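Residue numbers for the sequence shown follow this note's numbering, so the first one is 40 and each next one is one higher. Presented below is the structure to which this report refers.
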Amino acid sequence: MQIQISTDHNIKGTHEFQTETEKFEEIVKVALGHFEKHITRVEVHFSDINAGKTGYEDKRCLIEARVSGVQPIIATNNANNLLEALEGATERLKHSLEHTFGKMKQH
C-alpha cells in the first residue's frame, strides 16, 4: 500500500507537518493495514481552512483510498491540529472500507 501525503501552501512549511510526516504515515498504515491487500494507494491531503489564521477546527484532512475494482473511497475530517484531523479522517475511512467490503462479501 503506497501512501502519499500532500498539503496546501499554508501547511507545507509548518513545524508540525515537517516533524510529524513519518508519524502520519504510520497512523495510516496501522489503521488501514487490515485492508492492505485491497488498497493500492492512499492519498492524504492536509489543508488549512482559515489560510494561516487561528481558528477552531481549521485543519482539514482529506484521505482517499484507491481500492481495486471500486471507485476511490474518500473521507474528511476537520480538527484543531493535523494529527487529530488525520485520526478522524482515517477512522471515517476505515468505517467506509468496512461497509464497502461488507457489501462486496454479500454479493
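Ideal Cβ placement from N, Cα and C applies to all residues, glycine included. On a predicted model such as this, the values are computed, not experimentally measured, just so you know.
Buried or exposed: where does residue i fall if 16 or more other Cβ atoms within 10 Å of its Cβ makes it buried?
i, result
"K98", "buried"
"S86", "buried"
"T129", "buried"
"N89", "exposed"
"H116", "Note that residue 116 is Asn in the sequence shown, not His. So N116 counts as buried."
"V69", "exposed"
Can you check which of these residues, the options, is closest to residue i by C-alpha distance?
i, options, result
"I66", "H77, V81, K76", "V81"
"L136", "T60, G72, Q41", "G72"
"M40", "E55, K62, H77, E59", "H77"
"S107", "N49, I50, T139", "T139"
"E64", "E126, N89, I112, I88", "E126"
"T46", "L101, L132, E96", "L101"
"N119", "E55, K51, E61", "E55"
"F74", "R105, N49, Q57", "R105"
"V109", "Q57, K51, T79, T60", "T79"
"N49", "L121, R131, L132, G141", "L121"
"Y95", "T58, E123, E61, R131", "E123"
Assuming residue i and residue j are in contact, meaning their beta carbons sit under 8 Å apart, how far apart are those beta carbons, in whole angstroms?
i, j, result
"T60", "I44", "6 Å"
Note down, one range per segment and in chain order, each alpha helix (DSSP H) of at least 4 residues found wholly within the stretch 49 to 83. 54 to 71
Taking only runs that begin and end inside the stretch 95 to 122, name each unbroken beta strand (DSSP E) of 3 or more residues, in chain order. 98 to 106, 112 to 118
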